[in-house]
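Chains A and B are the protein sequences, given in the same order. Going by the numbering used here, the residue at position 430 of the first sequence is 430; the numbering climbs one at a time, nothing skipped. To get the numbering used here, take the position in the second sequence, counting from 1, and add 507. Structure first, then comments.
There are 2 protein chains.
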Amino acid sequence: MSRTDELYAELTRMLRETAVLGSCSSALGWDEQTYMPAGGAGFRSEQLGMLAGMTHERATSSRIGELLSELESSSDIGDPDSDRVVNIREARRNYTRATKLPRRLVEELSRTSTLAQQAWVKAREDAEFPVFLPWLEKMIALKREEAQAIGFGDGVPYDALLDDYEPGMTTAEVASVFGPLRDELVRLVTAIHHSPRRPKVEILERHYPKIPQIVVSEAASKSIGFDFSRGRIDASAHPFCSGFGPGDCRLTTRYNDHHFPSAFFGVLHESGHGIYEQGLPTDSFGLGIGQADSLGIHESQSRMWENFVGRSRPFWTYMFPTVQQAFPVALADVGFEDFYFAINDVRPSFIRVEADEVTYNLHIMLRFEMEQQLIAGDLKPADVPGVWNEKFSQFFGLAVPNDALGCLQDIHWSAGLLGYFPTYALGNMYSAQFFEAARRDLGDLETAFAAGQFRPLKEWLNDKIHRHGKRFPAKRLVEEVTGEPLSYKPLITHLQRKFGDLYGLTS
Amino acid sequence: MSRTDELYAELTRMLRETAVLGSCSSALGWDEQTYMPAGGAGFRSEQLGMLAGMTHERATSSRIGELLSELESSSDIGDPDSDRVVNIREARRNYTRATKLPRRLVEELSRTSTLAQQAWVKAREDAEFPVFLPWLEKMIALKREEAQAIGFGDGVPYDALLDDYEPGMTTAEVASVFGPLRDELVRLVTAIHHSPRRPKVEILERHYPKIPQIVVSEAASKSIGFDFSRGRIDASAHPFCSGFGPGDCRLTTRYNDHHFPSAFFGVLHESGHGIYEQGLPTDSFGLGIGQADSLGIHESQSRMWENFVGRSRPFWTYMFPTVQQAFPVALADVGFEDFYFAINDVRPSFIRVEADEVTYNLHIMLRFEMEQQLIAGDLKPADVPGVWNEKFSQFFGLAVPNDALGCLQDIHWSAGLLGYFPTYALGNMYSAQFFEAARRDLGDLETAFAAGQFRPLKEWLNDKIHRHGKRFPAKRLVEEVTGEPLSYKPLITHLQRKFGDLYGLTS
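Below, the structure is given as structure tokens:
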């Protein structure tokens, strides 16, 4: 064993241990959202705060700094795209980021996040923003402190937070791609608004009992390739995917007896995340190669299965008979075309996670603007409901009836996930690019989907994206896989074609 | 603040942190038994092994030793029964025990326990002892090593393990109280065997759908005082109670569609444990005063609610109408007396956790004998099925049809819990003594139970037992509460009277 090999072995052992400790927090976090009794909140926050502090201590151990410096200066570490060099590069990135954050701030963020989420659940239930306000104020103050501690070069403070979720992406770059996409989307939404065609959405608001909802959504998840021997689906207030570690990936969804799409498409969405997590190389757990590339790439996987597959005509050619059988009352008199049009209804609405493929991105743009202002200090947390409602009216032409349908709808701010939202829209763009590339590589995917064959697409994603972990930063990954740089055009082309057909638009 | 106060504050802070870390293992252990997908087993074992090692490292920190020595030698620590002195005494006991165990052994026990439990689940499902044998061998070897490391004075190696669960109790003391109890039990079982009366047990083996089973067992748990805002009940292969920490106590049970008592009495039993956990002083979490006294005392609480309350005539006077309404088909033609007799059926049977009040203790005596031999090295793990079946035939006059109904039925050996079983029978004895004392103190409990009033008994237990934690070692607690030393007589008197009536025995 060479000196470099020895140092590298020590580094990977330390990184894996830190990741194992971090995975304990993931498991406790999952339990908090799914099964924990209300009375356990205070103590859970103590547990998570302690684990966060211990994880941070390990992640910032000076020994890691020493190992990295020695490895980076050695001549025989390997090819820049090799597992080893990638793992060292990512370890350096994390180490630099972590050592910039004082332990006190890390622990306080963890504690605040747990308690703020409890307050948010209550505030959302009662549509009472004041219940959440003190926690939002505390969280924004902590995140501003975090941005200062991380630093942001010549950019804006928001860059420091965005970079945590989408490495290498800046606020300005996001704004530059959101701009033209927004113009095109507004044009499309307006055209749809003027179309005389309207789906019968009441079809989806009939009574859909919970048990068959669980059965069909789990069947769909299984058919697209989520492995239930290494994962499961539970219910929570806000759907999420948490990959605990090798062999254990948890998804959640929420069931609404009178809105079929909530759970069904929620499950497809989270299954896309889960299939990505399950496709990461397990022997590289805790290392760059064993981790998802960026949140934007993660979201591209969920949107791929939720929208490009799950809301497509061939998917429903396969799935509709099963769903119709599961809900014999609600769907007795419903034909395929009406159902397919209803699940692709486009119209301005209040809740982001239930928004259609077209308006969804406008929800993101609203949050992106507000987050920048909150972090810059140009918007006071107390003014959030007012500003939200004003912007919402501008973007969607709708008056927000209460904060549960407005600024209290998302878990992100209570959990400290500022800078996260833009990655959802980036994911939609990546997703469209990947799907175009998959069709080029694999040929007629539509016929396969209609026959319930999703494995070719899943294995293509496993091979092109999942197995690489963080080998290529997101922007380069897109080029490696599609041959093109990041672009909003495949997304808008897809939307124009699909909804042009459905709404009978002339382009 | 005096010097003693400062040292004590530092000690309690360290102990609480260690307990918080340990509570993360409890939560992961609960998840492992309830929701974890099979594929997560290997990684879970890695998580738990790491946490166990870290907890052990903290528990054995030399700083704790220094603080204890200084505190023990200070003149102003307080009254021997005060919170402070008790907490110091218990910290010393744990520190001494923990420092005797090498970290390697602790980690290996934790890892082995996780993997052995997975193997046990599979072995039990398929009634395939050989699947479990290599893990049993490994576990027994590790527990023998543990006994040697702990030491056992002039006693036997088993003493070292027993003392972990029932502090201050020796193998010889247990044997001396089990002896006369066993003679009396055999006499009672024989008398029952010769009685012409037999309950109609098929009543309980009709179809009891799972959902109403959940509803009635949770209602019963709530009515006796388990607080669902600070706890919950889930399903697992083997029922247990795990108090994670302040405000969060988890119970589990298993549902059998064709055996009503399994889940219902399982829930009452675990609720008894849970009420104890919920009654511990939360501000002493991690300290002696905040912890349950001994496993025997813990079991006395579960048996109190399961048997002395839950299988009593007045409890069913209150509960029977609700249960009959929940199972209108199964119980349509069943009268109170038949139901009450059926749930108090006494007959030799294979499964300990489903055994009746009388034969239950014989199951324990069998395991107590075998464990002593395993730990002494007088019994090879490979010979366990043969010896089990032979003893079972002696004790119960029954031939064990397969190992799932024999030596594979309990989780304990796979989890490394050797020395634990005797505490179940001690708990039955303590329970009878406590119940006698409660009736002396509170008067007519039967009328209260028949009216659904369980709060007087619960509050008496809270006051006499729960709030004290480990203030009094178990033997002294029994004397403090009942005025008498440990005795098997209240138990046998209760059994003779209750089953004498049911089976029409002449004494």
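Note that beta-carbon positions come from the ideal geometry of N, C-alpha and C, so glycine has one too. All values reported here derive from a predicted model rather than from experimental measurement.
9 Å Cβ cut-off: residues of chain B touching residue i
i	result
A:ALA38	SER736, ARG737 and GLY754
A:PHE43	VAL527, SER530, PHE751, GLY752, PRO753, GLY754, ASP755, THR789 and PHE792
Residues of its chain near residue i, where Cβ-Cβ distance is below 7 Å and the 5 sequence neighbours each way are ignored
i	result
A:ALA19	PHE285 and GLY286
A:ARG523	Because chain A here runs from 1 to 507, residue 523 of chain A falls outside it and cannot be looked at.
Cβ-based neighbour list, residue i, same chain, cut-off 8 Å, excluding 5 preceding and 5 following
i	result
B:PRO768	LEU711, ILE850 and GLU861
A:GLU70	LEU7
A:LEU28	ARG44, GLN47, LEU48 and LEU51
A:PHE308	SER431, ALA432, PHE435 and HIS494
A:PRO381	LEU133, LEU136, GLU137, ILE140 and LEU374
B:ARG591	TYR515, ILE584 and GLY585
A:CYS24	LEU51
A:THR171	GLY155, VAL156, TYR158, ASP159, LEU162 and GLN372
B:ARG651	PRO664, ILE882 and GLY884
B:PRO687	TYR995
A:THR12	ASN87, GLY286 and LEU287
A:SER195	TYR503, GLY504 and LEU505
Neighbourhood of residue i by C-beta distance below 6 Å, restricted to the same chain and skipping five residues each side
i	result
A:ASP234	THR34 and THR252
A:GLY290	LEU280, PRO281, SER284 and GLY469
B:TYR825	ALA957 and GLY959
B:ALA634	ASN909, ASP910 and ALA911
B:GLY750	CYS756 and GLU784
B:GLU579	none
A:ALA149	LYS100 and LEU101
A:GLU184	ILE492
B:VAL907	ASN896, PHE899 and GLY913
Neighbouring residues, chain A, relative to residue i (Cβ below 7 Å)
i	result
B:CYS531	CYS24, LEU28, GLN47 and LEU51
B:TYR762	The contacting residues do not exist; B:TYR762 stays about 16 Å from chain A at best.
Chain A contact residues for residue i, given Cβ-Cβ distances below 8 Å
i	result
B:GLY781	In chain order: nothing, as chain A lies at least about 11 Å away.
B:GLY817	In chain order: nothing, as chain A lies at least about 23 Å away.
B:TYR515	Per Cβ cutoff of 8 Å: no residues; B:TYR515 is ~21 Å from chain A at best.
Residue from the options with nearest C-alpha to residue i
i	options	result
A:GLU90	A:ARG63, A:THR114 and A:GLY469	A:GLY469
B:GLY990	B:ARG570, B:GLY797 and B:GLN940	B:GLN940
B:ARG713	B:ASP840, B:ALA623 and B:GLU844	B:ASP840
B:VAL593	B:ALA799, B:PHE848 and B:GLU897	B:ALA799
B:GLU1006	B:GLN808, B:TYR847, B:ILE657 and B:ARG810	A small correction: the amino acid at residue 1006 of chain B is Phe; Glu does not occupy that position in the sequence shown. Looking at the Cα atoms, B:TYR847 is the closest of the given residues.
A:GLY310	A:GLU270, A:ARG197, A:PRO348 and A:ASP283	A:GLU270
B:LEU574	B:LEU905, B:ASP512, B:SER589 and B:GLU539	B:ASP512
B:LEU998	B:THR866, B:HIS700, B:TRP642 and B:GLN720	B:THR866
B:HIS745	B:LEU616, B:ALA911, B:PRO706 and B:SER807	B:ALA911
B:HIS765	B:GLY803, B:VAL774, B:VAL708 and B:GLU725	B:VAL708
B:SER807	B:VAL722, B:LEU993 and B:PRO664	B:LEU993
A:HIS56	A:ALA98, A:GLY427 and A:PRO80	A:ALA98
A:ILE275	A:GLY443, A:CYS407 and A:ILE465	A:ILE465
B:GLY549	B:GLU632, B:HIS701 and B:ARG618	B:ARG618
B:GLU524	B:ARG610, B:THR567, B:GLY547 and B:ASP538	B:THR567
B:ALA682	B:MET877, B:PRO587 and B:GLU987	B:MET877
A:ASP81	A:ARG471, A:GLU173 and A:LEU477	A:ARG471
A:GLU351	A:GLN409, A:VAL478 and A:ASP338	The sequence as given places Ile at residue 351 of chain A; Glu does not occur at that position. Comparing Cα-Cα distances from A:ILE351 to each of A:GLN409, A:VAL478 and A:ASP338, the minimum goes to A:GLN409.
A:ARG303	A:SER2, A:MET169, A:VAL267 and A:ASP463	A:VAL267
A:ASP383	A:TYR255, A:PRO130 and A:SER349	A:PRO130
B:GLU632	B:GLU966, B:CYS914, B:ARG739 and B:ALA698	B:CYS914
Neighbouring residues, chain B, relative to residue i (Cβ below 7 Å)
i	result
A:ASP31	ALA534 and ASP538
Under 9 Å by beta carbon: chain A residues contacting residue i
i	result
B:LEU528	GLN47, MET50, LEU51 and MET54
B:GLU524	MET50
B:TYR715	In chain order: nothing, as chain A lies at least about 19 Å away.
Exercise for the section: Below 7 Å between beta carbons is the criterion; list the residues of the stretch 600-616 of chain B that meet it against any residue of chain C, in chain order. Expected result: No chain C is present in this structure, whose protein chains are A and B.
Problem - Sequence ranges, alpha helix (DSSP H) only - wholly within the stretch 841-882 of chain B, length at least 4 - result: 843-849
Exercise for the section: Pick out the complete beta strand (DSSP E) segments inside the stretch 716-764 of chain B, 3 residues or longer, and give them in chain order. Expected result: 738-742, 748-752 and 755-760
Exercise for the section: Flag this pair as touching only if the stretch 956-974 of chain B and the stretch 730-740 of chain B have three or more C-beta atom pairs under 8 Å; answer yes or no. Expected result: yes
Problem - Inter-stretch contact at 8 Å, needing at least 3 Cβ pairs: the stretch 109-119 of chain A / the stretch 411-423 of chain A - result: yes
Handout entry: Touch test, the stretch 664-676 of chain B against the stretch 924-931 of chain B, Cβ-Cβ under 8 Å, three pairs minimum
Key = yes
Exercise for the section: Determine, using beta-carbon pairs with one atom in the stretch 720-728 of chain B and one in the stretch 697-706 of chain B, whether at least three such pairs fall under 8 Å. Expected result: no
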